[in-house]
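Novice:
In this note's numbering, the protein residues as written are 198 to 532.
(1) State yes or no: is the C-beta of residue 371 within less than 8 Å of the C-beta of residue 418?
(2) Decide if residue 221 is buried, meaning its Cβ has at least 16 other Cβ atoms within 10 Å, or exposed.
(3) Drop a sphere of 10 angstroms on the beta-carbon of residue 231, count the other beta-carbons inside from all chains shown, and report buried for 16 or more, exposed for fewer.
(4) Quick check on residue 369: does DSSP put it in helix, strand or coil?
(5) Whole angstroms is fine: what's the gap from residue 307's alpha carbon to residue 401's?
(6) If you run the structure through DSSP and keep just helix, strand and coil, what is residue 286?
(7) May I ask which residues mark the beginning and end of the beta strand (DSSP E) holding residue 330?
(8) What residues in its chain sit with their C-beta under 7 Å from that of residue 479, if we drop five residues either side in the sequence?
(9) Taking 8 Å as the cut-off, decide whether the C-beta atoms of residue 471 and residue 448 are in contact.
(10) Here's a check: name, in chain order, each residue in its chain whose Cβ is nearer than 7 Å to the Cβ of residue 420, leaving out the five neighbours to either side.
(11) Is the separation between the beta-carbon of residue 337 and that of residue 367 shorter than 8 Å?
(12) When DSSP labels each residue in this structure, what does residue 218 get in the three-state scheme?
(13) Classify residue 212: buried if its beta carbon has 16 or more other beta carbons within 10 angstroms, exposed otherwise.
(14) If residue 257 and residue 460 are in contact, beta carbons under 8 Å, what's the gap, nearest whole angstrom?
(15) Under 8 Å by Cβ, that's how I've got residue 520 and residue 270 pegged, so tell me the actual separation to the nearest angstrom.
(16) Evaluate residue 474 with the Cβ neighbour count: other Cβ atoms within 10 Å of its Cβ, from every protein chain shown; 16 or more gives buried, anything less gives exposed.
(17) From residue 493 to residue 434, what does the alpha carbon distance come to, in whole angstroms?
(18) Give the DSSP-derived three-state secondary structure of residue 196 in the structure shown.
(19) Report the residue from 326, 350 and 332 whose alpha carbon sits nearest the alpha carbon of residue 359.
(20) Does the Cβ-Cβ distance between residue 278 and residue 495 come in under 8 Å?
(21) How is residue 507 classed by DSSP in three states: helix, strand or coil?
(22) In this structure, how does DSSP classify residue 479 when only helix, strand and coil are distinguished?
(23) Less than 8 Å between C-beta atoms, sequence neighbours within five positions excluded: which residues of the same chain meet that for residue 291?
(24) Where are the beta strand (DSSP E) runs, 3 residues long or more, that stay fully inside the region 243 to 313, in chain order?
(25) Do you know whose CA, among 444, 380, 440 and 450, lies nearest residue 408's CA?
(26) On the three-state DSSP scale, how would you describe residue 158?
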């Protein structure tokens with residue numbers, strides 16, 4: 198096994214994860230709980246992770262909640278069941294802790310749509326603009342930003358700024374356009390988007406709504422404007438979950454990544470949740486990056502404490518400032 202481990206570690210950068218066999222007789226839920234206690238580790242999972250990972254996590258949340266948990270945990274090891282920028286955020290906030298990601302290839306199409314060098318040149322052309330970046334971006338983009346936001350707190354962050362403040366919003370053009378429409382701000386938008394949220398079909402959702410006339414449409418603000426126009430509720434992943442718990446409807450069409458359905462069904466056993474269809478022939482409203490993480494990869498990364506997220510200290514310090522500003526404004530707003 199020692200030789201297999203050595204080979205797997207050498208192949209880590211190419212494959213993204215420890216490619217090792219896992220004994221099928223192991224109860225991975227029990228093993229992960231054991232490793233948590235032995236290593237003083239905490240598992241943070243995004244709502245878009247597969248159900249087994251959500252069920253074994255210590256905390257499940259959206260980007261804001263996960264950032265807050267990463268900032269305040271007293272665990273020695275943070276295991277981030279999410280995508281790369283989320284694990285990076287945990288390392289930025291907790292440099293003294295070991296941060297693990299089950300699969301390094303778990304990236305983000307939205308984060309990839311904003312290369313730091315191109316964005317730096319864009320920013321230099323607009324020196325009077327304050328940069329607000331959605332948390333779904335790389336550490337390099339965070340370091341070029343003044344304030345980070347999430348879909349949960351973006352409106353509060355905009356409200357905290359003078360009305361005449363010129364703003365660049367990056368990287369999601371759909372979230373930026375939604376916020377501009379809602380707040381009346383004339384923001385300069387970077388042209389980025391999430392592959393999952395852009396793929397929903399307005400036509401198919403409309404047909405689905407005809408078949409389920411009593412169903413309410415719940416949508417994430419990363420969706421395109423035409424889809425948001427027919428939504429009964431628009432909000433963050435946590436906002437969508439909370440709305441479904443408080444609302445009195447019995448059916449919902451959910452226009453975001455399907456991972457959230459697991460928690461929605463657990464919290465609302467008597468309600469029906471219908472995933473919104475994409476505009477192609479496959480069921481591609483799953484994030485392929487989020488779903489790279491598996492229970493087996495989670496167990497292996499905890500057992501061998503790799504892949505680990507590391508970061509240049511100068512970059513980390515620069516990226517930390519706008520995140521701290523976000524957390525400060527969120528706390529003041531009671532989020």
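In this text, a Cβ means the ideal position worked out from N, Cα and C, and glycines have one as well.
Here the structure is a predicted model, which is why all the values come from computation and not from measurement.
Specialist: In terms of the structure at hand:
(1) yes
(2) exposed
(3) exposed
(4) strand
(5) 24 Å
(6) helix
(7) 327 to 331
(8) At residue 479, the pLDDT of 49 sits below 50, so the modelled position is not reliable; the number obtained from the coordinates is stated separately. There are no such residues.
(9) yes
(10) 371, 394, 397 and 452
(11) no
(12) coil
(13) exposed
(14) 7 Å
(15) Not really, about 15 Å apart at Cβ, beyond 8 Å.
(16) buried
(17) 26 Å
(18) Past the edges of the chain, shown from 198 to 532, lies residue 196, and the structure says nothing about it.
(19) 326
(20) yes
(21) coil
(22) Unreliable placement is indicated for residue 479, whose pLDDT of 49 sits below 50; no coordinate value is reported for it.
(23) 267, 268, 270 and 275
(24) 256 to 258, 274 to 278 and 295 to 297
(25) 450
(26) Outside the displayed span of the chain (198 to 532) sits residue 158, for which this structure offers no information.
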